[in-house]
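Asks: In the working numbering, the protein residues as written are 2 to 277. For reference, the structure I am asking about is given below.
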C-alpha cells in the first residue's frame, strides 16, 4: 500500500480480512433514506456501522461536530476497535462519509486507516461478497486516542490567518457566490473573505471514484505551498478536499469543523457575496 488514503476494491479483496470495514454512509442535504437499515441489509463482511452523527459532540448546536476524545475512545472501543486496528471506511456509493471518518480517525491519532475508493458499489463490481444477516454482537475493547489537533481548525484560525494560509470551500460555486440560498434556515449565503472555491464534486467522477493523482494535483495547483484550511456546509465534504490533498501527495490541511453552518449563522462574521 502507498501513503495515499485510498484503497481500491481489488486491493482490499487481495488483503482479505486485514482491514476492518466501517460503513460511514451519510445523507447530504436533500437526500433521504434509512442508512442503518441499509447497513443491516447489505454490508462488507465484518463491517461495523460508523454513524457520523453518533461520532459527534451531542451538546453542540452544529451538525456532526468533532466529539471529545473520551467519547470517541468509548465509541471506537464499543465497535471492538483498538488504536492499532487497520481500518477502511466506505460509503454506500462514493466516499463523502468515508472521508469524514478517515479524517476523524486521523484526528484522534489512528494511523492505519484507508478510504475505499468508490465505496460499496466498487466492492460489488470487483466481486466482493456482502453480508446480509443480522450483525453479531461485538466484544468491546480499549481504544487509546492520540489527538492531532493540527488537523482541526476553528473560526479564530480563519479570522487570524496570515497570507500563507488559504481557505478552500468545498460547497458548490453557486452557494459560494450566494447565487442560490443556503439549504439550512437562518444561514446567510456567500463565503469567507479570501476563500477559494473548489467544489468537492470536481475531485470525483460520476461513479464516485477519485480522479487520478495528476488531475488532483492540477486542481490543487492554486494553493501549492500554502497552508490549507478546508470548509464546506457542515464539515463533511471539507474532508473530501483533505483526502484529495493527501492523494495528490500534498501536505496535510486542517478542517474547519463548524464550516458554513457556523460562519454563516454568526452575524459578526465577515461575508463576501458574488465573485471576489
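Each residue gets a CB set at the ideal place from its N, CA and C atoms; glycine is no exception.
So does the region 209 to 228 actually touch the region 131 to 150, counting three or more Cβ pairs closer than 8 angstroms?
Replies: No, they do not touch.
Asks: Should residue 33 be labelled buried (16 or more other beta-carbon atoms within 10 Å of its own) or exposed?
Replies: Label assigned to residue 33: exposed.
Asks: So, helix, strand or coil for residue 174, using DSSP?
Replies: Helix at residue 174.
Asks: What residue range is occupied by the uninterrupted alpha helix (DSSP H) comprising residue 11?
Replies: Residues 10 to 15.
Asks: Is there contact here, the region 184 to 193 with the region 261 to 272, by at least three beta-carbon pairs under 8 angstroms?
Replies: Yes: the two stretches touch, three or more of their Cβ pairs being nearer than 8 angstroms.
Asks: Identify every run of the alpha helix (DSSP H) within the region 244 to 273, keeping only runs that are complete inside it and at least 4 residues long; order them along the chain.
Replies: Whole alpha helix (DSSP H) segments, 4+ residues: 260 to 264.
Asks: Counting only the same chain and skipping the five closest in sequence on each side, list residues whose C-beta sits under 6 angstroms from that of residue 275.
Replies: For residue 275, where only same-chain residues beyond five positions count, the Cβ hits under 6 angstroms are 178.
Asks: What did DSSP end up calling residue 22 once you bin it into helix, strand or coil?
Replies: Strand at residue 22.
Asks: Comparing C-alpha positions only, which one of 266, 138, 91, 198 sits nearest to residue 170?
Replies: Of the listed residues, the one whose Cα sits closest to residue 170 is 198.
Asks: Take every Cβ of the region 87 to 99, pair it with every Cβ of the region 221 to 235, and state whether three or more of those distances are shorter than 8 angstroms.
Replies: In short, these stretches do not touch, since the Cβ pair count stays below three.
Asks: Below 8 angstroms, can you find three or more Cβ-Cβ pairs linking the region 242 to 258 to the region 156 to 170?
Replies: A contact exists between the region 242 to 258 and the region 156 to 170.
Asks: Who pairs with residue 132 in a beta bridge, going by DSSP?
Replies: DSSP output for residue 132 lists 44 as bridge partner(s).
Asks: With DSSP run on the structure shown, which of helix, strand or coil describes residue 56?
Replies: DSSP places residue 56 in coil when its eight states are reduced to three.
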